[in-house]
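Inspection log for the structure reproduced underneath, given as structure tokens.
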Amino acid sequence: MTSSQSSAGLPVPSVARAAHILDALAAAPDGLPLSELARVIGAPKSSCLAVCTTLVATGLLVRTPGGQYQLGWKVVPLGRAYLSTSGFVKEFRRVDQELGLLSEDTIVLSLLDGRNVVYVETRPGLRTLAMSYEIGMRLPAHCTAGGKSLLASLPDTEIAGRYADGRFETPTPRSISRMPELMAEITRTRANGYAIDDEETAPGMMCVGAAVAGRGGHPVGALSVSMVKSTVDAHRLDHSTAAILRLSTAITERLGGL
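Structure follows, in structure tokens:
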């Protein structure tokens, strides 16, 4: 790549490859050997080795005695730095403390990353859940309440582009598996202002989510409440939905999205 290409704002291949390696290892807690890592990111082993060697030297990766590559300690302070500077996370914490809504339930904050959502904050509730949520956890956006609300904020053409290959992960039998189903759900979400995950991510779980906007009205993330479906009646669903909408509106106002 020439200097003129770099200055034009085009991606630098080695940096992009490093990012792909970090993403791949984030999805593989036990690590990956070089050959598998190269296959996952679609790069030659020699190129992958060069980038991994640099990432190990900087602490972003570690190489185990068995030859597996794993995320290194350096990613921990980077993640904490993001959480401490993210306006979305900071305003949620403030609004959550001020309003005290849904204190018995778990609330999660998510960002849209391609066709997935990534959880960037969890606020545990008093009620026990069968499913645990961790920061950094990734799930298919079309299955989650937060993911659907974020997809609904995109133009139809962009949604179609993200699912152009027609492939849908289906964690449960209730998960959306076809484009017409997704677009029907997007239409409902836009009309309601919120989305529902009805056992689409995990059996026995129900979630309600809404997007949060920042300056210019652009979505910055979503928040959702997670509940055991067998404990959710019409009254609780209405109450939880109203609370999530109140929280999302309050955070949006703080971020200048209204």
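Counting from 2, one number per residue, gives the positions in the sequence shown under the working numbering. The beta carbon of each residue, even a glycine, is placed where N, CA and C say it ideally should be. Please read these numbers as outputs of a predicted model, since none were measured by experiment.
- When DSSP states are grouped into helix, strand and coil, R163 belongs to the helix group.
- Its Cα nearest to that of R163, the residue N117 stands out among N193, N117, I108, E200.
- Taken in chain order, the whole alpha helix (DSSP H) runs of length 4 or more contained in the segment 41 to 104 are 46 to 58, 76 to 86, 88 to 100.
- The segment 119 to 162 contains, as complete alpha helix (DSSP H) runs of 4+ residues, the segments 146 to 152 (chain order).
- Taking the CA atoms as reference points, P30 sits about 10 Å from Y70.
- The residue from T242, S15, L72, S47 with its alpha-carbon nearest to that of G137 is L72.
- Between K149 and E200 a beta carbon distance of about 14 Å is seen, past the 8 Å cut, so the two are scored as non-contacting.
- Here A44 is buried. Its C-beta has 16 or more other C-beta atoms within 10 Å.
- In the displayed model, S241 falls within a helix according to three-state DSSP.
- Of the residues L238, L224, D234, K230, the one whose Cα lies closest to the Cα of E92 is L224.
- Short of 6 Å from the beta carbon of V119, and not among the five residues preceding or following it, lie these beta carbons of its own chain, in chain order: L112, R139.
- As the crow flies, the alpha-carbon of L246 is around 11 Å from that of D239.
- Looking at G222, A212, M206, the one whose alpha-carbon comes closest to that of T232 is M206.
- At least 8 Å separates the beta-carbon of L183 from that of H236.
- V213 is classed as buried because its beta carbon has at least 16 other beta carbons within 10 Å across all chains shown.
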